[in-house]
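Protein chains in written order, with our numbering: chain A, 133 to 644; chain B, 511 to 668.
As structure tokens, then:
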């Protein structure tokens with residue numbers, strides 16, 4: 133009962149004209165960034181982080197929620213119509229979505245994708261409504277050792293799940309943690325790594341680092357690649373309605389994808405991306421027609437598209453309840469909250485109900501707006517891809533430059549952004565992913581402060597940091613998460629070794 | 511492969527510099543960790559990881575595939591041009607104020623990226639600079655570096 137009253141209060145906040153307007157703007161901007169390959173929700177949030185300074189915290193959250201959901205919707209549009217995934221979470225949709233489009237079923241794929249996203253979005257928001265306050269109440273009992281455990285385990289699991297090599301992800305995380313130590317140490321007041329610069333005494337802001345690594349680096353990366361013409365499949369309004377059989381085949385994948393997505397969203401790492409792959413594999417295994425997958429199976433669109441939207445809601449749970457972002461995009465949301473001097477955590481839901489329930493209500497509205505916007509305007513949105521890159525790039529660069537300057541009026545921030553832009557480009561060129569760096573940079577101060585507090589309280593004893601029940605559980609889970617895939621891989625490769633026909637022994641090398 | 515090696519060496523260099531920076535900080539004890547406690551842990555792990563990475567990169571077998579020379583020349587122009595614009599912007603902003611520096615930066619990028627003929631680039635960059643000032647300074651109230659052009663725009667608004 134209390135939940136519904138709070139939700140009603142949330143709607144009264146979200147329905148304020150200003151909030152409604154920014155929910156719409158966020159949804160449109162998100163859709164556009166989802167459509168444009170490369171930028172994605174993270175880049176869009178990084179570029180627009182400075183704009184949220186001129187909004188109140190609730191409006192900023194509503195705006196960012198709109199961007200995040202919108203990007204998921206937009207990404208699927210280009211995947212289906214062009215076979216270009218606007219962002220990583222839409223890669224799987226290309227497999228069957230584009231095949232459906234080639235068979236003249238683009239409209240049906242788009243509708244199923246939008247409806248699936250809508251249903252999944254709502255299910256995940258429901259999950260967020262229930263899980264976040266519950267987790268928040270439990271988290272009130274957490275002390276510094278638990279926060280160290282959550283932070284460290286989050287980073288450990290992130291290393292395991294992030295695409296690319298484990299060593300590269302670890303280096304990125306360590307760099308992020310290193311950057312987070314620049315500035316004044318809050319416990320002792322000492323200056324660290326400031327190079328005698330007064331401006332660096334405040335530390336390196338998230339904004340120039342994120343805008344450099346994602347905004348500028350993306351422009352540098354895309355500008356150097358050859359541009360080709362995009363051939364867009366046109367969709368007529370009357371073609372949008374799926375057939376009865378297509379509806380029937382989509383219902384179960386949508387619900388399965390929604391639940392899978394929400395659960396995967398709770399895990400640290402690029403959860404929307406992982407959820408799509410898990411959903412696709414699950415649907416293929418459960419399908420009566422697995423042979424159709426990759427050739428235009430509607431389940432291959434319905435499941436993954438529902439999963440990636442649902443993962444967004446799941447990813448909000450740890451941020452809202454614990455104040456810990458488990459995905460890089462959530463780190464941006466945290467950055468926006470910090471710009472308004474709000475630190476999310478166990479107390480936030482009680483202390484700032486307007487913010488929490490306003491965002492929840494705005495997510496419902498955002499989902500509704502996206503379905504209404506995306507289907508009829510699909511051709512218009514896809515037309516954005518026809519904007520010439522030579523005009524798009526200067527605008528993105530300018531937004532980054534002015535956006536960074538407008539927050540602190542600092543030239544150092546501008547130089548930092550330029551530097552991180554070049555560093556980000558160089559890292560991408562050799563296969564490093566900068567997302568873990570951002571996440572570590574945000575979680576770093578929490579881990580450090582909690583670790584030092586925990587050591588002070590325990591008198592230098594390490595055992596209480598590990599052996600408290602919650603800590604032990606978390607470390608065990610992280611250990612299993614890291615070791616289990618390795619053991620499983622070894623076990624599978626052991627089983628797949630063919631027996632030597634002469635000796636009967638299993639061979640060490642796979643025979644050609 | 512050369513890129514791999516350069517980045518690996520760069521990362522190792524950063525790790526070493528960070529470790530040197532850590533030495534200036536008080537480490538403290540386990541009972542009372544100092545400001546250098548956490549950075550030292552990071553530095554040790556970072557040096558180890560980057561050293562392993564560098565070793566791996568340098569002992570890896572080289573691949574001999576390279577992109578066609580023509581495209582590389584075009585790409586380099588765009589890359590260097592944008593990078594210079596991004597680094598030059600803060601310096602320009604300090605001396606030329608907002609509208610002029612923004613105009614110059616956007617114009618340079620449009621020309622480098624071969625948008626259209628230069629008079630079109632000139633008009634587009636002028637419009638972009640003024641529109642940007644109107645949105646950020648006049649509508650959002652951001653304090654941007656202002657000179658006579660900006661004052662003139664403020665006066666136009668009344």
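All residues carry an ideal CB built from backbone N, CA and C; glycine is no exception.
The alpha carbon of residue 434 of chain A has as its nearest neighbour, out of A/419, A/448, A/423, the alpha carbon of A/419. Straight through space, the alpha carbons of residue 490 of chain A and residue 664 of chain B are spaced by roughly 37 Å. Taking a Cβ-Cβ cut-off of 7 Å, the neighbours of residue 544 of chain B in chain A comprise 320, given in sequence order. With 16 or more other CB atoms across the displayed protein chains lying within 10 angstroms of its CB, residue 300 of chain A is buried.
Bounds of the alpha helix (DSSP H) holding residue 565 of chain B are 547 to 569. In this structure, DSSP gives residue 338 of chain A a helical state, which the three-state scheme calls helix. Around residue 521 of chain B, the same chain offers 560, 563, 564 as residues with beta carbons nearer than 8 Å, after the five sequence neighbours per side are excluded. Cβ contact annotation for residue 317 of chain A (same chain, cutoff 7 Å, sequence separation greater than five): 324, in chain order.
Among the CB atoms of chain A, one or more fall inside 7 Å of the CB of residue 616 of chain B. In this structure, DSSP gives residue 323 of chain A an extended state, which the three-state scheme calls strand. The way I'd put it, the stretch 395 to 406 of chain A does touch the stretch 454 to 466 of chain A; three or more beta-carbon pairs between them come closer than 8 Å. At a C-beta separation below 8 Å, residue 514 of chain B has these neighbours in chain A: 562. Within 7 Å of the CB of residue 564 of chain B, no CB atom of chain A is found; the nearest one sits about 10 Å away.
Boundaries cannot be given for residue 652 of chain B, as no alpha helix (DSSP H) includes it and DSSP labels it neither H nor E. Taking all protein chains in view, the Cβ of residue 608 of chain A is surrounded by fewer than 16 other Cβ atoms within 10 Å, so the residue is classified as exposed.
By the C-beta criterion, the stretch 269 to 281 of chain A is judged not to be in contact with the stretch 411 to 430 of chain A, since fewer than 3 inter-stretch pairs fall below 8 Å.
For the C-beta of residue 523 of chain B, not a single chain A residue is nearer than 8 Å; the gap to the nearest is close to 12 Å. Going by DSSP, residue 407 of chain A is part of the alpha helix (DSSP H) stretching over 403 to 418.
Judged by pairs of C-beta atoms under 8 Å, the stretch 281 to 295 of chain A does not touch the stretch 533 to 541 of chain A, as fewer than three such pairs exist. DSSP, read as helix, strand or coil, puts residue 568 of chain A in helix. Assignment of beta-bridge partners to residue 316 of chain A by DSSP yields A/323. Counting only Cβ-Cβ distances below 8 Å, residue 517 of chain B has contacts in chain A at 558, 559, 561, 562, 564, in chain order. In the DSSP assignment, the residues bridged to residue 543 of chain B are B/538.
Residue 522 of chain B: member of the alpha helix (DSSP H) spanning 512 to 533, first to last residue. Minimum Cα-Cα distance from residue 508 of chain A among the listed residues A/142, A/135, A/164, A/242 corresponds to A/242. Non-local beta-carbon contacts of residue 493 of chain A in its own chain, meaning distances under 6 Å to residues more than five positions away in sequence, involve 142, 143, 146 in chain order. Following the DSSP letters along the chain, one finds residue 486 of chain A inside the alpha helix (DSSP H) bounded by residues 485 to 506.
Under the 10 Å beta carbon count, residue 662 of chain B is surrounded by fewer than 16 other beta carbons and is classified as exposed.
With contacts defined as CB atoms closer than 7 Å, residue 607 of chain B and residue 651 of chain B fail to qualify as a contacting pair. For the stretch 620 to 632 of chain B, residues whose beta-carbon sits nearer than 7 Å to a beta-carbon of chain A comprise 620, 623, 624, 625. The three-state reading of DSSP puts residue 390 of chain A in helix, counting H, G and I together.
Residue 590 of chain B is outside the set of residues whose beta carbon lies under 7 Å from a beta carbon in chain A. Take the alpha-carbon of residue 561 of chain A and the one of residue 513 of chain B: they are about 8 Å apart. Within the stretch 639 to 657 of chain B, 642, 646, 650, 651, 652, 653, 654 place their CB atoms closer than 8 Å to a CB of chain A, listed in sequence order. Shown here for residue 550 of chain A: same chain residues with a beta carbon closer than 8 Å to its own, the five before and five after excluded, namely 344, 348 in chain order. With three or more CB-CB distances shorter than 8 Å, the stretch 192 to 204 of chain A counts as touching the stretch 155 to 165 of chain A.
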